[in-house]
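Undergrad: Quick note, the sequence shown lines up with residues 1 to 85 if you use my numbering.
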Amino acid sequence: MMKLLNIGFGNVVATSRIVCITSPESSPMKRMKEQSRKEGRLIDATYGRKTRAIIVTDSNHIILSSVQSETMAERWQESFEENKG
C-alpha cells in the first residue's frame, strides 16, 4: 500500500517518491526553486502562503509547501516507523 504524506491544504505526496525535505531559506534552494520554475518542474502547494518547506522528488520535481520542514520531516519519519512495526 502506498503511504502518503500530508503537505498541507489537503495535498499529499507519495512518501516513496520523496528524496529530501528542506528549508527554502538557503541561496542554493532558492536557485533550485527558480530553475525548476523555468523548466516547468515546480509544484506550488502553498495556496499563496509563505513557503516553509521544499520537497524534492525522485522525478526531479520541486514541491513547495507552507508546512514547516521540521513538521514534514517528522511526518515522513513516522511513515517509515509505521512500515517497520
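Note that the Cβ used here is the ideal one computed from N, Cα and C, for glycine as well.
In this structure, how does DSSP classify Ala45 when only helix, strand and coil are distinguished?
TA: Coil at Ala45, not helix or strand.
Undergrad: Assign Gly8 to buried or exposed, taking buried as 16 or more other Cβ atoms, counted over all protein chains shown, within 10 Å of its Cβ.
TA: Gly8 should be labelled buried.
Undergrad: Using 10 angstroms around the beta-carbon of Arg37, count the other beta-carbons present and answer buried if the total reaches 16, otherwise exposed.
TA: Exposed is the call here.
Undergrad: By DSSP's criteria, Ser65 is part of a beta bridge. Which residues make up the other side?
TA: In DSSP, Ser65 forms a bridge with Ala53.
Undergrad: Report the residue from Trp76, Ser69 and Glu81 whose alpha carbon sits nearest the alpha carbon of Ser23.
TA: Of the candidates Trp76, Ser69 and Glu81, the one whose C-alpha sits nearest the C-alpha of Ser23 is Ser69.
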